[in-house]
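Below is one structure, written out as C-alpha cells, with a few remarks after it.
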Amino acid sequence: MLNGDTGAVACAHYHRYQSDVELMAILGIKHYRFSIAWTRILPDGRGTVNEEGIDFYKRLADCLHEHGIAPHATLCHWNSPQTLEDLYGSWQSRQMANDYADYVKALVKRLGSRISPTTHPKS
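Per the numbering used here: the sequence shown = residues 1308 to 1430.
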C-alpha cells in the first residue's frame, strides 16, 4: 500500500470532526446523520458510561449546531457490542434489548437536548 498505509484509519472523523463540519457548512448541508457507537458509550455494552465518549458526541453536536446543521443520531446501526453478542447470542436474548434500553437512556440523559434521534429529518 502507498506510504505503508494499512487502512486501519479511514476518514478519522473522530479527530477531524471540526474541519468535516466546516466543509459541510460550506457545502450548505443543513442536516447530518451520524451513528453513535454503542461501545464508545458503554465499552462492554453495559455498566459504566464512558464520559469521554459522551463528550465527543457533545462536541460534535455543538459544532454542528454552531454551523447551522441539525444533528440526527442513529443509536444503533449494525454494531452491537461483541461482549454482549458473546454473552447473550445477540438479539435473540431479551437481556440484549434491556441493555440496549439502558444505553438509550444514558444517551437521552446526556445528549437528549443536543441531538434528534432520527434518521429521517423530514418525518
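For every residue, glycine included, the Cβ atom is placed at its ideal position computed from N, Cα and C.
Since the structure is predicted, the reported quantities are computational estimates derived from the model, not experimental observations.
### Message
Going by DSSP, what residue range makes up the beta strand (DSSP E) through Thr1313?
### Response
Reading the sequence shown from its first residue, position 6 is the one you call residue 1313. Run containing Thr1313: none; DSSP gives neither H nor E here.
### Task
Please classify Ser1430: does DSSP put it in a helix, a strand, or coil?
Numbered from 1 along the sequence shown, position 123 holds the residue referred to as residue 1430. Residue placement at Ser1430 is poorly supported in this model, since its pLDDT is 47, which falls under 50; the coordinates still yield a value, given next. Coil at Ser1430, not helix or strand.
### Message
Along the chain, where does the alpha helix (DSSP H) containing Ser1326 start, and where does it finish?
### Response
If you number the sequence shown from 1, residue 1326 lands on position 19. Per DSSP, Ser1326 belongs to the alpha helix (DSSP H) from 1320-1334.
### Top-ranked residue by Cα proximity to Leu1414, from Ala1315, Gly1375, Cys1318, Gly1352
Position 107 of the sequence shown, counting from 1, holds the residue named residue 1414. Of Ala1315, Gly1375, Cys1318, Gly1352, the residue nearest in Cα terms is Gly1352.
### Message
Our contact map puts Ile1361 next to Arg1417 with C-beta atoms below 8 angstroms; I'd like the distance itself, whole angstroms only.
### Response
Taking the sequence shown and counting its residues from 1, one reaches residue 1361 at position 54. Taking the sequence shown and counting its residues from 1, one reaches residue 1417 at position 110. Yes, Ile1361 and Arg1417 are in contact; Cβ-Cβ is about 5 angstroms, under 8 angstroms.
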